[in-house]
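Participant:
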Amino acid sequence: MYKKILVAVDGSDTSKLALKEAMNLAGDCGSILRIVYVVDIYNMYAEAEYMNYKEVQKSLEREGEMVLERAKRSLKQSGISFSQHLIKTSSRKPRVAETIVADADKWKADLIVVGTHGRRGFSRFLLGSVAESIARVATKPVLLIRGKGN
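In this note's numbering, the protein residues as written are 39 to 188.
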């Protein structure tokens with residue numbers, strides 16, 4: 039049914055549940071997984087005097103690489119085919135949800151899997167959650183995984 043499943047991860051417990059569910063689906067369907075982590079560099083205020091923009095960007099990229107490495111360890115033991123990608127927001131796709139949906143479209147994913155409560159703090163308050171935004175703009179099925187206790 040779903041041959042290509044894109045999973046967005048952010049290191050939160052909820053995104054770990056989303057990865058686990060995607061792995062279950064992939065195992066059942068013989069699917070390929072694409073694990074993505076989005077570095078939101080476009081929405082950083084580069085002119086702020088108190089912030090070294092390049093250092094913050096490097097730090098965000100390192101965090102993303104660590105999250106992808108943890109996902110890789112889980113997936114290697116499963117035998118499921120996968121790839122992983124660190125992607126970045128841009129002036130063309132300035133929001134995390136748009137970046138994920140564009141990547142899913144480019145890869146021709148059959149399904150997007152995402153946790154409903156990841157780490158997006160204040161931007162969730164201002165803009166709504168990333169998962170909600172993905173569900174609104176995606177042109178393909180989206181599986182939302184709720185965190186424990188939600």
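No residue lacks a Cβ here, since even glycine has one placed at the ideal position from N, Cα and C.
Please identify the residue among Lys146, Tyr40, Thr52, Gln122 whose C-alpha is closest to the C-alpha of Ala109.
Facilitator: Here the question's residue 109 lines up with position 71 in the sequence shown. When only C-alpha atoms are compared, the closest one is Gln122.
Participant: Give me, in chain order, the residues of the same chain whose beta-carbon lies closer than 6 Å to that of Pro179; leave out the 5 immediate sequence neighbours on both sides.
Facilitator: Here the question's residue 179 lines up with position 141 in the sequence shown. If we look at Pro179 and ignore the five residues flanking it on each side, its Cβ neighbours are Leu149.
Participant: By DSSP, does Ile118 sit in helix, in strand, or in coil?
Facilitator: Within the sequence shown, the letter at position 80 stands for residue 118. DSSP places Ile118 in coil when its eight states are reduced to three.
Participant: Since I believe Val76 is in contact with Ile125 (beta carbons under 8 Å), could you give me their beta-carbon distance rounded to a whole number of angstroms?
Facilitator: Translated into the one-based positions of the sequence shown, residue 125 becomes position 87. Translated into the one-based positions of the sequence shown, residue 76 becomes position 38. That pair is a contact at about 5 Å.
Participant: Take Tyr40 and list the residues in its own chain whose beta-carbon comes closer than 7 Å to its own, dropping the five residues that flank it on each side.
Facilitator: Taking the sequence shown and counting its residues from 1, one reaches residue 40 at position 2. Excluding sequence neighbours, Tyr40 sits near Leu63, Cys67, Ser69, Asp148, Leu149.
Participant: Rounded to the nearest angstrom, what separates Pro132 and Lys114 at their Cα positions?
Facilitator: As a position in the sequence shown, residue 132 is number 94, starting the count at 1. As a position in the sequence shown, residue 114 is number 76, starting the count at 1. Near 32 Å, if we compare the C-alpha coordinates of Lys114 and Pro132.
Participant: In the DSSP output, which residue or residues are listed as bridge partners for Val74?
Facilitator: Here residue 74 refers to the residue found at position 36 of the sequence shown. Answer by DSSP bridge pairing, in chain order: Ala46, His123.
Participant: Ordered along the chain, which non-local residues of its own chain (more than five positions away) have a Cβ less than 7 Å from that of Thr137?
Facilitator: Position 99 of the sequence shown, counting from 1, holds the residue named residue 137. So the qualifying residues of the chain are Val76, Ile125, Thr127, Lys131.
Participant: Please classify Gly65 as buried or exposed, where buried requires at least 16 neighbouring CB atoms within 10 angstroms.
Facilitator: As a working mapping, residue 65 is identified with position 27 in the sequence shown. Per the 10 Å Cβ criterion, exposed.
Participant: Where do the ends of the alpha helix (DSSP H) carrying Gly65 lie?
Facilitator: The sequence position of residue 65 within the sequence shown is 27, counting from 1. Unbroken alpha helix (DSSP H) run through Gly65: 51-67.
Participant: DSSP on Ile79, reduced to helix/strand/coil?
Facilitator: Looking up residue 79 in the sequence shown gives position 41. Ile79: coil per DSSP, three-state reduction.
Participant: Going by other Cβ atoms of all chains shown within 10 Å of its Cβ, with 16 needed for buried, is Ser119 buried or exposed?
Facilitator: Working through the sequence shown from its first residue, we reach residue 119 at position 81. Looking at its Cβ environment, which holds fewer than 16 other Cβ atoms inside 10 Å, Ser119 is exposed.
Participant: Leu106 to Arg100, Cα distance in whole Å?
Facilitator: In the sequence shown, residue 106 corresponds to position 68, counting from 1. In the sequence shown, residue 100 corresponds to position 62, counting from 1. If I take the Cα positions, the gap works out to 10 Å.
Participant: Tell me whether Gly153 sits in a helix, a strand or coil according to DSSP, three-state version.
Facilitator: Along the sequence shown, one-based indexing puts residue 153 at 115. It is a strand residue.
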